[in-house]
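Residue numbers for the sequence shown follow the working numbering, beginning at 510 and rising by one. From the three backbone atoms N, C-alpha and C, an ideal C-beta is built for every residue, glycine too. Here the structure is a predicted model, which is why all the values come from computation and not from measurement.
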Amino acid sequence: MNTPAPLRIAVLSFAHTHALSYVSALTAMPGVEVIAADPDGAAAPDDAPRGAALAAELGVAYVDTYDEAFAWGPDAVVVTAENARHRELVERAAAAGAHVLCEKPLATTVDDAVAMREACERAGVILMVAYPVRFAPVVRDAVAQLRSGRLGRVLGVTGVNNGKLPQDRAWFTDPALAGGGALVDHVVHCADLLDELLGERAASVRAVSNSILHGHRDLQVETGGLVTVQYPSGVIATIDCSWSWPMSSATWGGVTLQIVAEHGTLTVSPFAKGVAGHDAQGETWDPVGADLDALLLDEFVAAVREGRQPQPDAGVGIRTVEIVKAAQASAARGGEVVALP
Numbered sequence: 510m511n512t513p514a515p516l517r518i519a520v521l522s523f524a525h526t527h528a529l530s531y532v533s534a535l536t537a538m539p540g541v542e543v544i545a546a547d548p549d550g551a552a553a554p555d556d557a558p559r560g561a562a563l564a565a566e567l568g569v570a571y572v573d574t575y576d577e578a579f580a581w582g583p584d585a586v587v588v589t590a591e592n593a594r595h596r597e598l599v600e601r602a603a604a605a606g607a608h609v610l611c612e613k614p615l616a617t618t619v620d621d622a623v624a625m626r627e628a629c630e631r632a633g634v635i636l637m638v639a640y641p642v643r644f645a646p647v648v649r650d651a652v653a654q655l656r657s658g659r660l661g662r663v664l665g666v667t668g669v670n671n672g673k674l675p676q677d678r679a680w681f682t683d684p685a686l687a688g689g690g691a692l693v694d695h696v697v698h699c700a701d702l703l704d705e706l707l708g709e710r711a712a713s714v715r716a717v718s719n720s721i722l723h724g725h726r727d728l729q730v731e732t733g734g735l736v737t738v739q740y741p742s743g744v745i746a747t748i749d750c751s752w753s754w755p756m757s758s759a760t761w762g763g764v765t766l767q768i769v770a771e772h773g774t775l776t777v778s779p780f781a782k783g784v785a786g787h788d789a790q791g792e793t794w795d796p797v798g799a800d801l802d803a804l805l806l807d808e809f810v811a812a813v814r815e816g817r818q819p820q821p822d823a824g825v826g827i828r829t830v831e832i833v834k835a836a837q838a839s840a841a842r843g844g845e846v847v848a849l850p
């Protein structure tokens, strides 16, 4: 029996910290060859290592440019560059016939997100958006319970996604590269879960935001916000998003949804379980449960091998970007309700 050729996957950029766990998951998979390229890493004003130094730390093969990465002939790529640079890399991958897993948010504008989907559709390649939280067993269980009808109709959802200021990756607070602050970074995970749970597109969005948190840093983006999303069925969901966790915290933060239905409530908190303690540096926290990034990569690699479209797809990516852009527009207008077309 012939052994299939190894699947070649290129990780494009170490800008997003999720790139580290994606590399770890990919290099642990049998039948997968991985290389990384991070040409913008050397110039990035980051405290953490980037480029060849980080690749050596992760034990992954490295090339200096994206041209070299594409010349390697990857079957697929993982785009973990700054948000504003997603479109260019996704379109390059599509032109090269490589399947794509793109970090969230898909883009910083709806037009860019739509263009990325169209490029991949024309090329006949997969475009999947990296929303690992939906792969959490507790999320899958909640979806199954709601779809069984046992809890009746969903009435409302309260979402919370708070965490630390991502100061070791300075581009997160650069409005040109990130497309915004906490509204961009933390709304999209909850918006994706709502998309999966409710199965309908948002009708309108209202948001308020401020930069009170970390005000001494003179940041140019919002550091906290509250977003209200209304759906055609009448469901109203709120998303509390902020960089409010102290930098001394032992963990990055968390995501929680509380779902109120006709016959009961569900609380979904994928990052709540862990072992707390102390060491010489202070408080520690070791999470317990599934590796969500690994589950995401398992699904992407399986879809590439099987020639099928995995979820979440570009449609989900576009809908979540629409919510973010509407939230930004609403906040800029003092909390005015913004209807989605």
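(request) Would you mind stating whether Val586 and Ala628 have Cβ atoms separated by less than 8 Å? (result) Taking 8 Å as the cut-off, the beta carbon of Val586 is found no closer than this to the beta carbon of Ala628.
(message) Short of 7 Å in beta carbon distance, which residues of its chain neighbour Ser753, apart from the five on each side in sequence? Order them along the chain.
(response) Sequence-distant Cβ neighbours of Ser753 in its own chain, meaning closer than 7 Å and more than five residues away, are Asn671, Leu722 and Gly733.
(message) Would Val638 and Leu615 be called neighbours here (beta carbons separated by less than 8 Å)?
(response) Yes, the Cβ-Cβ distance between Val638 and Leu615 is below 8 Å.
(message) Can you tell me whether Gln837 is buried or exposed? The criterion is at least 16 other CB atoms within 10 Å of its CB, across all chains shown.
(response) Burial is judged here by how many other beta carbons sit within 10 angstroms of a residue's own beta carbon; Gln837 has at least 16 and is buried.
(message) Between Arg656, Ala785 and Val846, which has its C-alpha nearest Thr760's C-alpha?
(response) Looking at the Cα atoms, Ala785 is the closest of the given residues.
(request) Decide yes or no for the touch test of the region 588-602 against the region 771-779: beta carbon pairs closer than 8 Å, at least 3 of them. (result) Under the 8 Å Cβ criterion, the region 588-602 does not count as touching the region 771-779, having fewer than three qualifying pairs.
(message) I'd like the list of long-range same chain contacts for Ala679, defined as Cβ closer than 6 Å, with 5 residues on each side in sequence excluded.
(response) The beta carbon of Ala679 sits closer than 6 Å to the beta carbons of Pro554 and Asp555 from its chain, once the five residues preceding and following it are set aside; these are given in chain order.
(message) Measuring only the C-alpha atoms, how far is Glu831 from Thr618?
(response) Distance between the alpha carbons of Glu831 and Thr618: 8 Å.
(request) Locate the alpha helix (DSSP H) running through Tyr740, then write down its first and last residues. (result) Taken as a continuous stretch (DSSP letters only), Tyr740 belongs to no alpha helix (DSSP H), as it is neither H nor E.
(request) Tell me, please, whether the region 552-572 touches the region 647-660 by the rule of three or more beta-carbon pairs shorter than 8 Å. (result) These segments do not touch.
(request) Could you name the residues of the same chain whose beta carbon sits closer than 8 Å to that of Leu529, not counting the 5 residues immediately before and after it, in chain order? (result) Within the same chain, Phe523, Leu563 and Leu567 come within 8 Å of Leu529 by CB-CB distance, once the 5 residues on both sides are set aside.
(message) Looking at Glu731: is its Cβ nearer than 8 Å to the Cβ of Leu707?
(response) The answer is no: Cβ separation not under 8 Å.
(message) By DSSP's criteria, Ser713 is part of a beta bridge. Which residues make up the other side?
(response) Answer is Gln739 and Ala848.
(message) Using only the alpha-carbon positions, how far apart do Arg649 and Glu705 sit?
(response) Straight-line measurement puts the Cα of Glu705 at about 10 Å from the Cα of Arg649.
(message) Would the region 573-588 count as touching the region 601-609 if we require 3 or more Cβ pairs under 8 Å?
(response) Yes, since at least three Cβ pairs between the region 573-588 and the region 601-609 fall closer than 8 Å, the two stretches touch.
(message) Taking the alpha carbon of Gly783 as the reference point, which residue from Thr793, Thr774 and Leu775 has its own alpha carbon closest?
(response) Nearest C-alpha to Gly783: Thr793.
(message) For the beta strand (DSSP E) containing Ile748, name the first residue and the last one.
(response) For Ile748, the enclosing beta strand (DSSP E) starts and ends at Ile745 to Ser751.
(request) Can you tell me which of the three DSSP states Leu686 falls into? (result) When DSSP states are grouped into helix, strand and coil, Leu686 belongs to the helix group.
(message) Shorter than 7 Å, the distance from the beta carbon of Pro755 to the closest heavy atom of the ligand NAD, or not?
(response) The ligand NAD is not part of this structure, which contains no ligands at all.
(message) In this structure, how does DSSP classify Asp584 when only helix, strand and coil are distinguished?
(response) Collapsing the DSSP output to three states places Asp584 in coil.
(request) Compute the Euclidean distance between the alpha carbons of Leu849 and Leu664, then round it to the nearest angstrom. (result) Answer to the nearest angstrom: the Cα atoms are 20 Å apart.
(message) Tell me the residue span of the beta strand (DSSP E) that contains Arg649.
(response) Taken as a continuous stretch (DSSP letters only), Arg649 belongs to no beta strand (DSSP E), being part of the alpha helix (DSSP H) at Pro646 to Ser657.
(request) Verify whether the separation of the beta carbon atoms of Ala770 and Leu660 is less than 8 Å. (result) Their beta carbons are under 8 Å apart, which means Ala770 touches Leu660 by this criterion.
(request) Mark Thr589 as exposed unless 16 or more other C-beta atoms lie within 10 angstroms of its C-beta, in which case mark it buried. (result) Under the 10 Å beta carbon count, Thr589 is surrounded by 16 or more other beta carbons and is classified as buried.
(request) For Leu521, write down the residues that DSSP places opposite it in a beta bridge. (result) In the DSSP output, where bridge partners are listed per residue, Leu521 has Ala546 and Val588.
(request) Identify whether Ala799 lies in helix, strand or coil by the three-state DSSP scheme. (result) In this structure, DSSP gives Ala799 a state outside helix and strand, which the three-state scheme calls coil.
(message) Using the Cβ count rule (16 or more neighbours within 10 Å means buried), how would you classify Val797?
(response) The residue in question, Val797, is exposed, as its Cβ has fewer than 16 Cβ neighbours within 10 Å.
(request) Tell me whether Gly826 sits in a helix, a strand or coil according to DSSP, three-state version. (result) The three-state secondary structure of Gly826, taken from DSSP, is helix.
(request) Find out if the Cβ-Cβ distance for the pair Leu735, Thr682 is shorter than 8 Å. (result) Cβ distance not < 8 Å, so Leu735 and Thr682 don't count as in contact.
(message) Please report the distance separating the alpha-carbon of Val714 from that of Arg726.
(response) Those two C-alpha atoms are separated by around 29 Å.
(request) State the CB to CB distance for the pair Arg828 and Arg662, rounded to an integer number of angstroms; the pair is presumed to be in contact (CB under 8 Å). (result) Beta-carbon to beta-carbon, Arg828 and Arg662 are separated by about 21 Å, too far to satisfy the 8 Å threshold.
(message) Does Pro697 come out as helix, strand or coil in the three-state DSSP assignment?
(response) Reading the sequence as shown, one finds Val at residue 697 and not Pro. Three-state DSSP puts Val697 in a helix.
(message) Taking the alpha helix (DSSP H) that Leu660 belongs to, which residues open and close that run?
(response) Judged by DSSP secondary structure, Leu660 falls outside any alpha helix (DSSP H); it is assigned neither H nor E.
(message) Quick check on DSSP: helix, strand or coil for Glu612?
(response) If DSSP states are grouped into helix, strand and coil, Glu612 belongs with the strands.
(message) Quick check on DSSP: helix, strand or coil for Tyr640?
(response) Note: Tyr640 maps to coil in three-state DSSP.
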